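Heads up: the structure comes next, in structure tokens.
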């Protein structure tokens, strides 16, 4: 009853081509945005904003970037964190070296720098596929972290490549409380998510998916392989780059290249596998899961073990986390390759009929 | 049915094409032409090089020797994108649809060459990109109506039965508004009813849009009914070229199909 | 010149060790087309398990758990579930599983001597290999290769977590009784320092490779394996037991991981960084081709030598540490020139 489309007639192609053609979806999205923009800042405390919501948004953005490349264009990348690092360090250098540079512009330029590096390391994708390409992106991951550590210019000659992001000031207004940062990040992420949704539902996205599903046929219908693949690398790396800049400026503050290591790349890959490969919504669901689960585990594993009469040795929760993440990845790949997003879709299909299933 | 069609000048000329993979000769010295508005069939036993011929025409394979000339543009090495840009569209023997996409999206990909807006405009959506997308959708809906697949628009292609998938593939090719349509066994694996539908669609396409068609088909009845002229290939060599009646009477063709006494 | 030779030989010898890890990848890739990212985690798990067993014996709760699972499997081998196709009780399987289960209970909490620890680890690794095939890969059969690849990344996390949950995360030394000092006569004769450990490691690796090559070329199982590698369906059709072959291959990969783990562990200490050493096998594979044992060896030698030489001769110009990425960049450039690898076969895409 709640999620019934019957009676909603779309009488023109324009109506059918809307971003959310079903009324309930529009209502839900509006409600969600209202909550995110108004209710959350009113009720959330500093811990929630700083330790959960802001990183959630930033990682969602990075996952979205990876999803564009891997989920939509079908090119597996293990270098996500490397591209984030490029974004963070480029934004830092633009801010540092050009006094007049507005912060938003430096973030965009950071994203563009990441996009350039992305195109460079995406070039092998024109000749190789699958895990061969994965190894190429692994090269990007190691090379970027090494270069940022070894060439002190990137970090303004600080020790071991650590950079400290400056304050966020836009048109004279300083964003320094967690609520302000949260709202700024939220705005950016919402706008970029909308842009991603628009891209994947138009010609650009169809070309990506065509290349993903069958590259020979894609070429035959006239899709330019090089252009399409490199565009996917560029857009994906742009998203990751902006996420990296936000990671430095709005979340951690002080970052070192080693912070963007292979482990982070894997975590972002896990976000899209668990959330849903090839789904915008999935990027958010996956990020939420990967952020929240360790917090949950840390809070409840010990008490739970105590209740069973076992004493967990120190460090055991982080090992458990690794094991559970690993097991979940395998589980999702085997049982539900489209992740949480698909489960949500199935729930919606059920709701269309509920409570009269016949 | 045959020979009522008004065919024009040759638009596609295949001259002395030879293609080999390693030591295997797929095509040797094949030459033929296709006239404007014609339905041209390529027949031959399995492994005769028919699909390779289509792949040469639209640039998936590059022949070692020979040229393909389409509408005055002669090419030795062509890539599939250029061929598509020249108005050549095709379907495949083993369906080559984009499995993860809906019927509508699959057909929409056929219009990618008609897109003018950049990805940035598409990301912003409002304005030109939106108008263009609607225009593409309108064109695609015409094709959908034409091929009578309205009811499966929003279905992922993987879930469709085989016959419908073949039809969606044809729709994707038609969405590009091609001037030359290459069909690789469009009726393979279909039942009588589906075959009849497909025949009707092919004739309608040829008649209504004036599209020139090259098709590979095993069903001789279909070939004889539809085509204006027939090329016969065997082991990569040309056996015969002529009207269906001529080809049917050709001794070499009969030998190739029925076998010869030695 | 001497210095150059020294670096070159050191590089080649460490290259052999890379080959050893790469070999594990090749075995599995040949038989099942799976690119097993978790090979590094297997190496880590094997080394840590040996060291752990030598230090304090088997950990109680996990060993207990394994024993219970094995006993359950033994029970089901004798008394098949209702409706199972093969209804005959398999006493031999039950005896083996039950025997392992009972034996494992005796080693709980007792530090073991080196060779016993190695033997126990071998049994454990074979078990891990077989379980991986059964639990992870079989549900994913017929999925695209890239999905399988991602599943093995998940497996990597699981095994790393498991290894540290069982044995803790501190760095440990491992002494396998081979001294790590320059070989005297080479020093005297040619004034070149070559570690006896590196040489012995290379020797062990060479023997292992030769043994595996013989096994896969001369035995019935080897032939079956090559048939499976060529075409799963056809192999099934002529009656090759696909599942058994896969189990054997995973067991062999576990064994190779154990040898690599012991050698690398003795060289660099048993620690988490071992998993990164294993990642080096990836460029080796790209150079050598994923399906060729010979390729794994040659690729390993090239990567090992070029990496050491680059570190010594190019390193100082850019601040050093290029060992971390040099191999990948070599592989990347190589990919652009010859995507199928030195020994790989070129695949033609049919349309």
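Residue numbers (the working numbering), protein chains in the order written: chain A, 1067 to 1424; chain B, 327 to 588; chain C, 280 to 630. Note that CB positions come from ideal geometry on N, CA and C, so glycine has one too. Because the structure is a prediction, the values reported are computed rather than measured.
Following the continuous alpha helix (DSSP H) through residue i, name the residue where it begins and the one where it ends.
i: residue 431 of chain B; result: 429 to 435
i: residue 414 of chain B; result: Where residue 414 of chain B is concerned, there is no enclosing alpha helix (DSSP H), although the beta strand (DSSP E) it sits in stretches over 414 to 416.
i: residue 562 of chain C; result: 560 to 567
i: residue 611 of chain C; result: 602 to 616
i: residue 1143 of chain A; result: That residue, residue 1143 of chain A, is in no alpha helix (DSSP H); it is neither H nor E in DSSP.
i: residue 336 of chain B; result: Segment 336 to 347 is the beta strand (DSSP E) holding residue 336 of chain B; no alpha helix (DSSP H) there.
i: residue 1248 of chain A; result: 1244 to 1266
i: residue 1209 of chain A; result: 1196 to 1216
i: residue 1174 of chain A; result: 1169 to 1188
Does the distance from the CB of residue i to the CB of residue j come in under 8 Å?
i: residue 499 of chain B; j: residue 507 of chain B; result: yes
i: residue 562 of chain B; j: residue 410 of chain B; result: no
i: residue 570 of chain B; j: residue 558 of chain B; result: no
i: residue 548 of chain C; j: residue 452 of chain C; result: yes
i: residue 413 of chain B; j: residue 505 of chain B; result: yes
i: residue 1351 of chain A; j: residue 1188 of chain A; result: no
i: residue 423 of chain B; j: residue 520 of chain B; result: no
i: residue 1406 of chain A; j: residue 1348 of chain A; result: yes
i: residue 540 of chain B; j: residue 525 of chain B; result: no
i: residue 543 of chain B; j: residue 383 of chain B; result: no
Let me know the secondary structure DSSP gives residue i once reduced to three states.
i: residue 355 of chain B; result: strand
i: residue 1324 of chain A; result: helix
i: residue 558 of chain B; result: strand
i: residue 547 of chain B; result: helix
i: residue 1115 of chain A; result: helix
i: residue 1223 of chain A; result: coil
i: residue 628 of chain C; result: Residue placement at residue 628 of chain C is poorly supported in this model, since its pLDDT is 47, which falls under 50; the coordinates still yield a value, given next. Of the three classes helix, strand and coil, the one that applies to residue 628 of chain C here is coil, per DSSP.
i: residue 387 of chain B; result: coil
i: residue 502 of chain B; result: coil
i: residue 1345 of chain A; result: coil
i: residue 327 of chain B; result: Only weak support is given to the placement of residue 327 of chain B: the predicted model assigns it a pLDDT of 46, under 50, and the value that follows is read from those uncertain coordinates. Of the three classes helix, strand and coil, the one that applies to residue 327 of chain B here is coil, per DSSP.
When we look at the beta-carbon of residue i and count the other beta-carbons within 10 Å, is it buried (16 or more) or exposed?
i: residue 1345 of chain A; result: buried
i: residue 327 of chain B; result: Low confidence applies to residue 327 of chain B: its pLDDT is 46, below 50, so where it sits in the model is not reliable, and the reading given next is rough at best. So residue 327 of chain B counts as exposed.
i: residue 379 of chain B; result: buried
i: residue 454 of chain C; result: exposed
i: residue 371 of chain C; result: exposed
i: residue 1141 of chain A; result: buried
i: residue 573 of chain B; result: buried
What does the alpha-carbon distance come out to for the pair residue i and residue j?
i: residue 532 of chain C; j: residue 304 of chain C; result: 8 Å
i: residue 1137 of chain A; j: residue 328 of chain C; result: 37 Å
i: residue 628 of chain C; j: residue 1200 of chain A; result: Low confidence applies here, because residue 628 of chain C scores a pLDDT of 47, under 50, leaving its location unreliable; read the following figure in that light. Computed Cα separation, rounded: 20 Å.
i: residue 1099 of chain A; j: residue 567 of chain C; result: 53 Å
i: residue 1170 of chain A; j: residue 1236 of chain A; result: 7 Å
i: residue 562 of chain C; j: residue 446 of chain B; result: 37 Å
i: residue 630 of chain C; j: residue 492 of chain B; result: Since pLDDT at residue 630 of chain C reaches only 45, below the 50 mark, its modelled position is unreliable, and the value read off the structure follows with that caveat. Their backbone Cα atoms lie some 16 Å apart in a straight line.
i: residue 329 of chain B; j: residue 1299 of chain A; result: Because residue 329 of chain B carries a pLDDT of 47, less than 50, the predicted location of this residue cannot be relied on, and no value is offered for it.
i: residue 1291 of chain A; j: residue 436 of chain B; result: 15 Å
i: residue 1277 of chain A; j: residue 444 of chain B; result: 18 Å
i: residue 590 of chain B; j: residue 474 of chain B; result: Because chain B in this structure spans residues 327 to 588, residue 590 of chain B falls outside the shown range and cannot be described.
i: residue 1301 of chain A; j: residue 1262 of chain A; result: 9 Å
i: residue 1086 of chain A; j: residue 1358 of chain A; result: 28 Å
i: residue 374 of chain C; j: residue 1115 of chain A; result: 58 Å
i: residue 1172 of chain A; j: residue 1101 of chain A; result: 29 Å
i: residue 585 of chain C; j: residue 359 of chain B; result: 56 Å
i: residue 298 of chain C; j: residue 606 of chain C; result: 13 Å
i: residue 1223 of chain A; j: residue 604 of chain C; result: 22 Å
Determine the extent of the beta strand (DSSP E) in which residue i is found, giving its start and end residues.
i: residue 564 of chain B; result: 563 to 568
i: residue 366 of chain B; result: 365 to 369
i: residue 537 of chain B; result: Premise fails: residue 537 of chain B is in no beta strand (DSSP E) and is neither H nor E.
i: residue 435 of chain C; result: It is not in any beta strand (DSSP E) - residue 435 of chain C instead sits in the alpha helix (DSSP H) that spans 424 to 446.
i: residue 396 of chain B; result: 391 to 396
i: residue 401 of chain B; result: 399 to 401
i: residue 1305 of chain A; result: Looking at the DSSP string, residue 1305 of chain A is not in any beta strand (DSSP E); the run it does join, the alpha helix (DSSP H), is 1291 to 1312.
i: residue 1086 of chain A; result: Premise fails: residue 1086 of chain A is in no beta strand (DSSP E) and is neither H nor E.
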